[in-house]
Each structure stands twice: as C-alpha cells, then as structure tokens.
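For the record, in the sequence shown the residue sitting at position 19 is 19 according to the UniProt record's numbering, with numbers rising by one throughout. Report on the following structure.
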Amino acid sequence: MLFWRSVVGKLWFTILLLVSVVLITLTILLLQYFDRFHTDQAEEELMNHASLIVSVLENEETEDMGRAMNQTISETYGTNALIIADEDDSWYLSDEGGLFLPESVFFEDEELSAVINDRDPVVTVGDYTEDNADNEAMIVGQPFTFSDNQEGSLYLYQSLDVVDEAADQTTNIILLSAGIAIVLTTVFAFFLTSRVTAPLRKMRHASLQVAKGNFDTKVPILTNDEIGLLAIAFNRMARALNTNLTALNQEKEQLSRILSSMADGVITLDREGGVMVTNPPANEFISAWLYEQGYDAEESGQLPAELQYLFQQVVSEEKEQMGEVDVQGRTWAMLMSPLHDQEHIRGAVAVLRDMTEERLHDKLRKDFLANVSHELRTPISMLQGYSEAIVDDVVESDEEKREMAQIIHDESLRIGRLVNELLDIARMEAGHIQLNYEELDMTEFAERILRKFQGVAKEHDVELIGDIQPSEYKLKADSDRMEQVLTNLTDNAIRHTSENGSVTLRVLPENAGVRIDIEDTGAGINEEDLPFVFERFYKADKARTRGNTGTGLGLAIVKNIVQAHGGKVSAHSKVGEGTTFSVWIPDNEDLN
C-alpha cells in the first residue's frame, strides 16, 4: 500500500501501464496484419501457381510439363491440383498435399461449381471435408481451354494449416518481443523513476528537517534541470523562512517582554471574546475577579460582565470603548480597542490600569488639605481669641493673663511641632532625609527608651515591660531617628492603653537584622482602619484614646524613617485585645 503512495510507484506504474497499453494495441494490430498478410500471401501464391499451370496446360506440347510443374509445386508448398474437363473426365495432377478433397465437392458446392458452370475464377476459404475435423482449405478455381478447344477447370487448393503455422510463428515472435519490451520497460521505468525521484526524496527529508526547526538543512543540487532549479528554490525558501522566522521570534520575544514588563494589564480577545494573550497584571486582575465571583482557576476563560459588555460594544460599533470595574476593592480603568483584519474585526485588545493608588492619592491629598486646615484652625483660633482678650483688657488679673499667655505659648508650640513634622515628612518623601549611621547596642538602646517612658507610664497607670534578649549584636542605624521611631510608637501605645494595662517593648535579632515589637493591651484598631494607620493625619476612633490625640503624623514619620533604613513596619490588631507594631531594621553592613 505504501508503494502506491510513493512517487516512484506511481511513475513506474504509469510508465509501465502506458507502454503495456501501447504494446498490447500494437501486438493486436500486428497479429491482425500478419494474419491477413499470410492469408493474402497464400492466396496470391495459389493464384500465381494456378495461372502458371493453366498457361502450361493450354499448350498441347507442354501438357506433360504442366503435370511435372504441378508435382514440384505440390511437393514444395503442400498444394493439390484437380483438372476437370467434364463430369466424367477429371484427374488430379497431384495428391501429395496435406489435404485431399473428392471431386464431388467441386461439382456440388455452389461457389466452387461456378468455375465449371459460369467460367468465373473463384477464390474461397472453407471446410469442405465430409468428416467433422477442422480442415479448412483455401481453393483457387480458374477456367481454361485445352489446345483442342475443350473447356476445363483447374482447382488448386491448400490446407490452411500451413498458413496458420506461419502465423503462429509470427505470433510467437511478436509476443516474445512484447514480453521482452515489457521487461525492459519495467527495469528502465524503475531506474528512471528512481533517478528522477531521488532528489525529491532528499527534498522531502530536508522539508521534514525544516518542519522540525532545522533551517540549516540544504538540498544537494545534482542536476541543472527543473529538479535542480527546484532544489535551488527550496534552499532559498529555507533561508528566507529562517530569516523571517528569526525576525518573527525576535518580535514575539520583544512583544512578550514588553507585555510582561508593563505595569498595565493587557488582554487580547478573539472574534468570539475568548482570551488569547494576557500579561502578569492582567492575570492578577482575572484571578482576583474569579476569586471574588467564586469561580475555579480552571475557568480562566471567564471575564467580568463589564469587560464583556465593552467587547460587544467594540465589535458592534467598531471603535474604542472605555469603562471601569471594581474588583476586590481595587478600581480598574479599561480601554478596549478593536483589532481589524482587512474588512472585518478579528478581535480586540483591552488595556487595564489600576487606578486605586491614583484615587487614593487624590483622596489623601484632599484629606491632607482638610486635616492641615483642621489642625491649624483650632490653635490659630485659640491664639487669636486669647490674644484679643489680652489686647482688649478683657482679663483683669495677672494670673489669668499668665494662664492665657501659657495657652498661647502651648498652641504656638503645637503649631511649630505640626509644621516641623510636615517638613520632616516632605523631606523624607522627597528622599532628602539624612541618616547618620553608627553602631547601636540594641540592649542598651532599648533600656534607655524604657527608662524614658517609665514616668509617663506611671502617670497613665500603665505597666511598661521590657522583653529584651541579651545579645552582643551591634546594629548600624541612625540613633536619633531610631529613637524617634520608638518614641512615637511607645507614646502611642501608652496613650491608647487603658488604666491597669501594659505595654511591652520586645527586641530580638532576626534575619540579619533586628526586630522590635511594641505590644499594648489597649482597645485595638478596627480591621478597616489597619491599612491606613500609616497615612498622614489618619486617625481611627478618637473615643478610644486618652488625652491629647496628637497631629496624626507620628506613624507616617515612623514609616518613612523605617523605609529609609531599608526596613519594614507593620501593624497587627484585634479590637478589645490590643495592638502590636512590628519594626524590622536590616543590618546595613555595607555602610560605614
């Protein structure tokens, strides 16, 4: 079966079939021709012999010579001759042929008797024997006149076995020649097709290698004919394909790198809205939406209804569409553009941008202005009110004037602290913070902070506990800034802890750095407030604090100082159980 699928088999079979048809047709025509040729030749010979014998018999002097001539012809060609003068006078000139016919045949047969009765020459072929044997004979009848003017008829006949024997010999020769021709054609066709298809087989092997990605494969050029030109074209095609595929892979890699490095999410959709290409931000967006909707990860082909609606609008209107979608508390802006394929839209590409930070920054900016205005309005109002009271002599006693002056002084200090803290935060966020690194003995440093706040803790009836693991570890950090961090955190913990509560300062080496925990047993922070405690002016429920609530900038300053050291700060809290602020500062050994 594989043989018939090959080019060699097809060409070999085609050539063999074509030559066979031609040879069979030619053989049939030759056999018919030679069969007719032998018959005509035998007929012509009999006619010539009959004419010669008749011419001799018509001469009285040569009658005996005619008999001798017929004897010779009979012996040579296997013929018989019968001369009939009338029904009672007839004789055989020879009876040595391969076939003998009685005289009655020539009188009784209508066609043969025409020579006797009508004096017409006759040439016929037939079976004139009385038995059932197949003994066909060719008979030539010719009338003549004896020298004494007596009419006679000469019948010269011959068995067709002689003709058939010559025809069989010719047939055998023709069939043998045809068989030899077919054998030679088979060998020649197989050799020719093998030579012709050998370059094609090499080209097939090379094409398979190219299909596997081996573009260095070359087809050897063995001839200068069409197959050689085809091999040259194939090699050129392989080189061009290698160049184009290399350029395509480079563009694909470049596009993949661009997509993977983009901060925006990119989703490419086909005509039916199926997801074709995504980048990491888009995968995060889809995963968050699937989690929110309760789908499994295997159903990643699902898209938010807002995105599907935008896609339908793009396909129907054939222009860009914009929209927004909220997923897991984050706001995504969507811009979807159609992808055209000549006259039709073959899909769309959606660009997703996380606008949560921008929206949060806008909100924080507005809140910052409002908070600054609020924080400054109260002390300014108090400064204005008490100063007007002094200027207008509303207060009469010196004690009241001193009290008002003290309030004015305290409020001015409060404004100064607020302005200084705002300036510190601005410098930190602008990257202008200057850190003076030195080696800190964390045990001694933590004990100093504890001693600093023992008095404040006693005033608020709060137990201040130190959990400091003894260590000779030296941390490279800015001593003043680290003291500012622990001061803010410890002061916040004491102020937010109710009476008879406790605040624990815990210090322990961890992960090539130091971890500091300030843990209190206060009222805790609500879960929805935890992500924003390090924002400027952000204050949770003021009802859970005691005394002055501060400006709301302390934790923002803490976050910036810790990040300037390359560390991390986090908050963990449960309402009613307390809050823990954790600070991790790495050991900056590469700093002097």
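Beta carbons are placed, not taken as given, at the ideal position from N, Cα and C, and that holds for glycine. In this text, all values refer to a predicted model and were calculated from it rather than measured experimentally.
Output the distance between the C-alpha atoms of serine 573 and glycine 513, rounded to the nearest integer angstrom.
Taking the first residue of the sequence shown as 1, we reach residue 573 at position 573. Taking the first residue of the sequence shown as 1, we reach residue 513 at position 513. Approximately 24 Å, taken between the alpha carbons.
To the nearest angstrom, how far is the alpha carbon of valine 54 from that of leucine 154?
Within the sequence shown, the letter at position 54 stands for residue 54. Within the sequence shown, the letter at position 154 stands for residue 154. Spanning the two alpha carbons is a distance of roughly 7 Å.
Would you grab the beta carbon distance between valine 122 and glycine 141 for me? Rounded to a whole angstrom, and I think it's under 8 Å.
As a position in the sequence shown, residue 122 is number 122, starting the count at 1. As a position in the sequence shown, residue 141 is number 141, starting the count at 1. Sure, about 4 Å apart at Cβ, within 8 Å.
Specify the secondary structure class of glycine 547 as computed by DSSP and reduced to three states.
Translated into the one-based positions of the sequence shown, residue 547 becomes position 547. Its pLDDT being 42, under 50, glycine 547 is placed unreliably by the model, and the measurement read from it follows with that caveat. Glycine 547: coil per DSSP, three-state reduction.
Using the Cα positions of valine 325 and threonine 356, report the straight-line distance between them to the nearest angstrom.
Along the sequence shown, read from residue 1 onward, the residue named residue 325 stands at position 325. Along the sequence shown, read from residue 1 onward, the residue named residue 356 stands at position 356. So the two alpha carbons sit approximately 11 Å from each other.
Residues that methionine 336 bridges to, as DSSP identifies them
Translated into positions along the sequence shown, residue 336 becomes position 336. Gln321, Ala350, per the DSSP bridge assignment.
DSSP on arginine 515, reduced to helix/strand/coil?
Position 515 of the sequence shown, counted from the first residue, corresponds to residue 515. Arginine 515: strand per DSSP, three-state reduction.
Whole angstroms are fine: how far does the CA of asparagine 283 sit from the CA of arginine 546?
To locate residue 546, count along the sequence shown from 1; it is residue 546. To locate residue 283, count along the sequence shown from 1; it is residue 283. With a pLDDT of only 41 at arginine 546, under 50, the local geometry of the prediction cannot be trusted, and the value read off the model is given with reservation. Their backbone Cα atoms lie some 47 Å apart in a straight line.
Take the Cβ of phenylalanine 106 as the centre, count every other Cβ of all protein chains shown within 10 Å, and call the residue buried at 16 or more, exposed below.
Taking the first residue of the sequence shown as 1, we reach residue 106 at position 106. Phenylalanine 106 is buried by the Cβ-count criterion.
Relative to the C-alpha of valine 277, which residue among Arg257, Asp127, Trp289 is closest?
Position 277 of the sequence shown holds residue 277. The residue with the shortest Cα to Cα distance from valine 277 is Arg257.
Label glutamate 439 either buried or exposed according to how many other C-beta atoms from any shown protein chain fall within 10 Å of its C-beta, with 16 as the threshold for buried.
The count along the sequence shown starts at 1 and reaches residue 439 at position 439. Answer is exposed; the Cβ neighbour count stays below 16.
Under three-state DSSP, which class holds isoleucine 433?
On the sequence shown, residue 433 is found 433 positions in, with the first residue counted as 1. In the structure shown, isoleucine 433 sits in coil (DSSP, three-state: anything other than H, G, I, E or B).
Between which two residues does the alpha helix (DSSP H) carrying threonine 580 extend?
Residue 580 sits at position 580 when you count from the first residue of the sequence shown. Under the DSSP assignment, threonine 580 falls outside any alpha helix (DSSP H), being part of the beta strand (DSSP E) whose first and last residues are 578 to 586.
Let's see if you can read the secondary structure: which residues bound the beta strand (DSSP E) around proline 509?
In the sequence shown, residue 509 corresponds to position 509, counting from 1. In the DSSP assignment, proline 509 falls within the unbroken beta strand (DSSP E) covering 502 to 509.
Whose C-alpha, out of Asp270, Ala350, Ile84, Gln150, is nearest the C-alpha of leucine 259?
Taking the sequence shown and counting its residues from 1, one reaches residue 259 at position 259. Nearest of Asp270, Ala350, Ile84, Gln150 to leucine 259, Cα basis: Ala350.
DSSP state of glutamate 343 mapped onto helix, strand, coil
Against the sequence shown, residue 343 aligns to sequence position 343. Correct three-state label for glutamate 343: coil.
Alanine 178 vs leucine 26 beta-carbon contact at 9 Å
If you number the sequence shown from 1, residue 178 lands on position 178. If you number the sequence shown from 1, residue 26 lands on position 26. The answer is yes: Cβ separation under 9 Å.
What three-state label does DSSP hand alanine 166 in the structure shown?
Along the sequence shown, read from residue 1 onward, the residue named residue 166 stands at position 166. It is helical.
Counting Cβ pairs closer than 8 Å, one from the region 46 to 53 and one from the region 108 to 120, do we hit at least three?
no
Can we say the region 331 to 340 touches the region 307 to 322, given the rule of at least three CB pairs closer than 8 Å?
Output reads yes: the region 307 to 322 touches the region 331 to 340.
Buried or exposed (CB count within 10 angstroms, at least 16 for buried), glutamine 150:
The count along the sequence shown starts at 1 and reaches residue 150 at position 150. Per the 10 Å Cβ criterion, exposed.
Would you tell me roughly how many angstroms separate the C-alpha atoms of threonine 186 and tryptophan 12, rounded to the nearest one?
Indexing the sequence shown from 1 puts residue 186 at position 186. Indexing the sequence shown from 1 puts residue 12 at position 12. So the two alpha carbons sit approximately 7 Å from each other.
What residue range does the alpha helix (DSSP H) around glutamate 463 cover?
The residue you call residue 463 lines up with position 463 of the sequence shown. Here glutamate 463 belongs to no alpha helix (DSSP H); instead the beta strand (DSSP E) covers 463 to 468.
Three-state secondary structure (DSSP) at threonine 25?
Taking the sequence shown and counting its residues from 1, the one referred to as residue 25 is at position 25. Looking at threonine 25 - three-state DSSP - the assignment turns out to be helix.
Any contact between the region 264 to 276 and the region 225 to 236? By contact I mean 3 or more CB pairs, one from each, below 8 Å.
Taking 8 Å as the limit for Cβ pairs, the verdict is that the region 225 to 236 does not touch the region 264 to 276.
Proline 220 by DSSP, collapsed to three states: which one?
For the purposes of this step, residue 220 is taken as residue 220 along the sequence shown, with counting starting at 1. Three-state DSSP puts proline 220 in coil, outside helix and strand.
Cβ-based neighbour list, aspartate 517, same chain, cut-off 6 Å, excluding 5 preceding and 5 following
Within the sequence shown, residue 517 is the residue found at index 517, counting from 1. For aspartate 517, where only same-chain residues beyond five positions count, the Cβ hits under 6 Å are Arg506, Thr580, Ser582.
Can you say whether alanine 523 is buried or exposed, counting buried as having 16 or more other CB atoms within 10 angstroms of its CB?
Taking the first residue of the sequence shown as 1, we reach residue 523 at position 523. The residue is buried, with at least 16 neighbouring Cβ atoms inside 10 Å.
Let me know the secondary structure DSSP gives aspartate 478 once reduced to three states.
On the sequence shown, position 478 is the one that residue 478 refers to. Three-state DSSP puts aspartate 478 in a strand.
Three-way DSSP call (helix, strand, coil) for glutamate 438 in this model
If you number the sequence shown from 1, residue 438 lands on position 438. If DSSP states are grouped into helix, strand and coil, glutamate 438 belongs with the strands.
For glutamate 136, collect the residues of the same chain with a Cβ closer than 8 Å to its Cβ; drop the 5 residues on either side in sequence, then sort them by chain order.
By 1-based counting over the sequence shown, the position of residue 136 is 136. For glutamate 136, where only same-chain residues beyond five positions count, the Cβ hits under 8 Å are Val125, Gly126, Asp127, Ser159, Leu160.
Measuring only the C-alpha atoms, how far is lysine 452 from valine 485?
Mapped onto the sequence shown, residue 452 falls at position 452. Mapped onto the sequence shown, residue 485 falls at position 485. Using only the alpha carbons, I get a separation of about 14 Å.
Note the first and the last residue of the continuous alpha helix (DSSP H) segment covering phenylalanine 285.
Here residue 285 refers to the residue found at position 285 of the sequence shown. 280 to 293 is the extent of the alpha helix (DSSP H) around phenylalanine 285.
Environment of aspartate 216 [buried if 16+ CB atoms lie within 10 Å]
For the purposes of this step, residue 216 is identified with residue 216 of the sequence shown, where counting begins at 1. When all chains shown are included, aspartate 216 counts as exposed.
Ordered along the chain, which non-local residues of its own chain (more than five positions away) have a Cβ less than 7 Å from that of aspartate 354?
Within the sequence shown, residue 354 is the residue found at index 354, counting from 1. Taken in chain order, the residues that qualify are Arg330, Trp332.
Put methionine 262 into one of helix, strand or coil per three-state DSSP.
In the sequence shown, counting from the first residue as 1, residue 262 sits at position 262. Judged by DSSP in its simplified three-state form, methionine 262 adopts coil rather than helix or strand.
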